[in-house]
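In this note's numbering, the protein residues as written are 25 to 283.
Cβ coordinates follow ideal geometry from the N, Cα and C atoms, glycine included.
Below: one structure, written as structure tokens.
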Ligand code: PGA
């Protein structure tokens, strides 16, 4: 069974007071308004607030990290290990985000190590793929994404691969207000599923959750979520407003239950 997920990527936003207030609002609204058996709601705050949010969390909300070190422990100044993340309550970690690939130079060899260490420590990777505007203009989007999947993930055994959550995030849509049209997003989601099916089989590919991310908001969520291969959203900007974030989660459950 495919899980439906709404994930909020807070990126490098909020100070402590704001983070606590935002999480409190999200959890209060989630409890009152969302059937959490129908959708997993997860938030990815900066590292510094993970523990405080875990302490506040008296719901089924899930909390994840935006990054992890591939090292286990030791002399790696500034790094945060998977085991540390587990110990403060994180269950998920975003990997392969285009901001980490582009701004911080994370390449496939680093991502493979991070995925492995996350899985070894029972942290679920939310692995992002997506093409740039230039790659789309050149008609290479599907090739680029299949290569990201193959180079980043296909070293995994099926038993590990099936634990992943994937996110399609066209780089040109992240934080820009431009969104992939439902048709464009569905085309890529279906291509991802079919490419994975070719390597791991139909059953595994059919059960995989693939999120859409890139300027997803309360206005465009319903039409995106109506597409059969879009199983939820990875939400950046709109996840910083509790009302919008929860409304997007409610949209997902409403759209998927209508089918
Ligand atoms: P956005 O970010 O919703 O602000 O475009 C999405 C993301 O980067 O995960």
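Original post:
According to the neighbour-count rule (16 or more other Cβ atoms, all chains shown, within 10 Å of its Cβ), is residue 127 buried or exposed?
Top reply: exposed
Subject >> Boundaries of the alpha helix (DSSP H) in which residue 66 is found, first to last residue >> reply: From DSSP, residue 66 is part of no alpha helix (DSSP H) but of the beta strand (DSSP E) over 64-68.
Original post:
Among 269, 258, 275, which has the Cα closest to the Cα of residue 122?
Top reply: 258
Original post:
Just the Cα atoms here: how many angstroms apart are residue 204 and residue 197?
Top reply: 7 Å
**OP:** Would you kindly work out how many angstroms separate the C-alpha atoms of residue 247 and residue 206, rounded to a whole number?
**Re:** 6 Å
**OP:** With residue 117 as the anchor, note down where its beta strand (DSSP E) starts and where it stops.
**Re:** 116-119
**OP:** With DSSP as the reference, label residue 148 as helix, strand or coil.
**Re:** Residue 148 falls in the strand class under three-state DSSP.
Subject >> Whole-angstrom distance between residue 275 and residue 140, CA atom to CA atom >> reply: 33 Å
**OP:** Check whether the Cβ of residue 111 sits closer than 7 Å to any heavy atom of ligand 1, and report yes or no.
**Re:** For ligand 1, not one heavy atom lies less than 7 Å from the Cβ of residue 111.
Subject >> Beta-carbon gap between residue 27 and residue 59 smaller than 8 Å >> reply: In terms of Cβ geometry, residue 27 and residue 59 do not form a close pair [threshold 8 Å].
**OP:** Rank 61, 95, 43 by C-alpha distance to the C-alpha of residue 79 and give the top, closest one.
**Re:** Residue nearest to residue 79 within the set 61, 95, 43 is 43 (criterion: CA-CA distance).
Original post:
Which word fits residue 253, buried or exposed, when buried means at least 16 other C-beta atoms lie within 10 angstroms of its C-beta?
Top reply: buried
Original post:
With burial defined as no fewer than 16 other Cβ atoms inside 10 Å of the residue's Cβ, what is the status of residue 167: buried or exposed?
Top reply: Classification of residue 167: exposed, given that the 10 Å Cβ count is below 16.
**OP:** Classify residue 102 as buried or exposed, calling it buried when 16 or more other Cβ atoms lie within 10 Å of its own Cβ.
**Re:** exposed
Subject >> Residue nearest to residue 73 in terms of C-alpha spacing, selected from 191, 48, 53 >> reply: Among 191, 48, 53, the Cα nearest to that of residue 73 belongs to 48.
Original post:
Between the C-alpha atoms of residue 175 and residue 156, what's the straight-line distance to the nearest angstrom?
Top reply: 17 Å
**OP:** Quick one: give me the first and last residue of the alpha helix (DSSP H) that residue 207 is part of.
**Re:** 206-224
Subject >> Residue from 53, 218, 262, 266 whose Cα sits closest to the Cα of residue 83 >> reply: 53
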